[in-house]
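Student: Numbering (my numbering), first residue to last: 41 to 386.
Cβ atoms here follow ideal geometry from the backbone N, Cα and C, with glycine treated the same way.
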Amino acid sequence: MSTQPYIGFRQLLDQDTWTFTYLLWDLDTREGVIIDPVREQFERDLCLVGELGVRMVYALDTHVHADHVTSLGMLREEMRLQTAVGEPSGVPCADIMLNDGYTLGFGRHTLTALATPGHTDACTSFKVENMVFTGDALLIRGCGRTDFQQGDPEMLYRSITQKLYALPDETLVYPGHDYNGKSVSTIGEEKQYNPRIPATQTESDFAELMNSLNLPRPKHIDEAVPANMGCGISVDHGHLTEEVFGVRDLQKILTALSEDEVVIDCRTPDEYEAGHIPGAINLPMGKELDQLGELRDYRKIYLYCYSGRRSQTVFATLTSKGLDNLVCLGSSGMAEWKKFGYPVER
Numbered sequence: 041m042s043t044q045p046y047i048g049f050r051q052l053l054d055q056d057t058w059t060f061t062y063l064l065w066d067l068d069t070r071e072g073v074i075i076d077p078v079r080e081q082f083e084r085d086l087c088l089v090g091e092l093g094v095r096m097v098y099a100l101d102t103h104v105h106a107d108h109v110t111s112l113g114m115l116r117e118e119m120r121l122q123t124a125v126g127e128p129s130g131v132p133c134a135d136i137m138l139n140d141g142y143t144l145g146f147g148r149h150t151l152t153a154l155a156t157p158g159h160t161d162a163c164t165s166f167k168v169e170n171m172v173f174t175g176d177a178l179l180i181r182g183c184g185r186t187d188f189q190q191g192d193p194e195m196l197y198r199s200i201t202q203k204l205y206a207l208p209d210e211t212l213v214y215p216g217h218d219y220n221g222k223s224v225s226t227i228g229e230e231k232q233y234n235p236r237i238p239a240t241q242t243e244s245d246f247a248e249l250m251n252s253l254n255l256p257r258p259k260h261i262d263e264a265v266p267a268n269m270g271c272g273i274s275v276d277h278g279h280l281t282e283e284v285f286g287v288r289d290l291q292k293i294l295t296a297l298s299e300d301e302v303v304i305d306c307r308t309p310d311e312y313e314a315g316h317i318p319g320a321i322n323l324p325m326g327k328e329l330d331q332l333g334e335l336r337d338y339r340k341i342y343l344y345c346y347s348g349r350r351s352q353t354v355f356a357t358l359t360s361k362g363l364d365n366l367v368c369l370g371s372s373g374m375a376e377w378k379k380f381g382y383p384v385e386r
């Protein structure tokens, strides 16, 4: 489906967190951008991009999320794209730090960053053609909370009323989340019908409302925020890294592994089928908790991916569940395995 001539568009949902991810691309050049990708949906997004023949150039986050972990870093690794976030976020791994009015081009289209702080101090909305992607600043008939991550109700009020509500009424609003089965609104609708912040709302009344919400602490914030400050791949994977165990070590012991030892390939099924370490089984990143019981039964598990990013993430996830039988190849993986000319199974 397309909302404008020459632009492709998909709205994707992560049902666990009700997070929307957006994929846009130029229908002629096939250059594309992705907004707010979710780590657990990494394989879905890779598959869709491949099916559509899109050449990704940018991956963007509207803010440092507290309810899910981004896949910005993993998409950069796989697609050689550039990542971008709002400058006040201070995310050290991002390629581009966006300030108000910053533009990014893909094909004949231009994406414009709009600084819309208030939910957090670094929230950024993105305007493309007649669409605005508002993250957690403006929601459909609602808005983001303002009680953590340097949130500020007065700042959010000004971001919405002075920046977003200044857009044409027919501008399509695509939010970062929705919990009530809605997927799109317009600026005109929100100005008229948004119960939290209609166009007639005063700043003081809005601030009083927001300060009285007393919402529970986000349950994933302690995991999500530190991970997202590292583009979703900066995880503490303990002492089992490439410094003590790499592909050369694995190659030496591969033929002598016992039945209670296993090598796990954390890449996508397509990558696995294209060539993997002999004897390895495929367990794509994001699916590891589905096999938690079986994984506990192994005496030793060796994790690898292409370069080590995804295996580090899987390592962190499984160790957080109490597994102590893991060896992560760290920043080495299939790329280095092939570099050394070791055998590949298909």
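On a CA-only basis, which of Pro128, Arg350, Asn170 and Phe173 is nearest proline 157? Give me that one, please.
Tutor: Working through the sequence shown from its first residue, we reach residue 157 at position 117. The candidate whose alpha carbon is nearest that of proline 157 is Pro128.
Student: Once DSSP output is grouped into helix, strand and coil, what is the label at phenylalanine 49?
Tutor: What you label residue 49 is simply residue 9 of the sequence shown in a count that begins at 1. Residue state, collapsed to three classes: strand.
Student: Going by DSSP in three states, serine 225 sits in which element: helix, strand or coil?
Tutor: Locating residue 225 in the sequence shown gives position 185, counting from the first residue. Three-state DSSP puts serine 225 in a strand.
Student: May I ask you to report which of helix, strand or coil DSSP gives tryptophan 377?
Tutor: Taking the sequence shown and counting its residues from 1, the one referred to as residue 377 is at position 337. If DSSP states are grouped into helix, strand and coil, tryptophan 377 belongs with the helices.
Student: With a threshold of 6 Å on Cβ separation, who are the neighbours of aspartate 176 within its own chain once the five nearest residues in sequence on each side are excluded?
Tutor: Against the sequence shown, residue 176 aligns to sequence position 136. If we look at aspartate 176 and ignore the five residues flanking it on each side, its Cβ neighbours are His159, Gly184 and Gly216.
Student: By Cβ distance, which residues of its chain are closer than 6 Å to arginine 236, with the 5 residues on each side in sequence left out?
Tutor: Here residue 236 refers to the residue found at position 196 of the sequence shown. For arginine 236, where only same-chain residues beyond five positions count, the Cβ hits under 6 Å are Gly182 and Cys183.
Student: Given a cut-off of 8 Å on the beta-carbon distance, is the pair arginine 349 and glycine 113 in contact?
Tutor: On the sequence shown, position 309 is the one that residue 349 refers to. On the sequence shown, position 73 is the one that residue 113 refers to. Cβ distance < 8 Å, so arginine 349 and glycine 113 count as in contact.
Student: Could you give the C-beta distance for valine 78 and serine 111, rounded to a whole number, given that I count them as a contact under 8 Å?
Tutor: Here residue 78 refers to the residue found at position 38 of the sequence shown. Here residue 111 refers to the residue found at position 71 of the sequence shown. 6 Å between Cβ atoms; contact.
Student: Out of Ile75, Ala106, Thr226 and Leu63, which has the shortest C-alpha to C-alpha gap to aspartate 262?
Tutor: Walking along the sequence shown from the start, residue 262 turns up at place 222. Here the closest residue by C-alpha is Ala106.
Student: So, are the CB atoms of aspartate 305 and alanine 320 less than 8 Å apart?
Tutor: Translated into positions along the sequence shown, residue 305 becomes position 265. Translated into positions along the sequence shown, residue 320 becomes position 280. Yes, the Cβ-Cβ distance between aspartate 305 and alanine 320 is below 8 Å.
Student: Return helix, strand or coil for valine 275, following the three-state DSSP convention.
Tutor: As a working note, residue 275 is residue 235 in the sequence shown. The pLDDT assigned to valine 275 is 41, lower than 50, so where the model puts this residue is not dependable, and the model offers no usable value.
Student: Exposed or buried, what is glutamate 376 when buried is set at 16 or more other beta-carbons lying within 10 Å of its beta-carbon?
Tutor: Taking the sequence shown and counting its residues from 1, one reaches residue 376 at position 336. Under this definition glutamate 376 is a buried residue.
Student: Locate the beta strand (DSSP E) running through arginine 95, then write down its first and last residues.
Tutor: For the purposes of this step, residue 95 is taken as residue 55 along the sequence shown, with counting starting at 1. Here the beta strand (DSSP E) through arginine 95 covers 95 to 100.
Student: In terms of residue numbering, what span does the alpha helix (DSSP H) encompassing glycine 90 cover?
Tutor: Walking along the sequence shown from the start, residue 90 turns up at place 50. Glycine 90 -> alpha helix (DSSP H) spans 82 to 92.
Student: If we require 4 or more residues per run, which alpha helix (DSSP H) segments fall completely within the segment 245 to 275?
Tutor: If we require 4 residues or more, the alpha helix (DSSP H) runs fully inside the segment 245 to 275 come out as 261 to 268.
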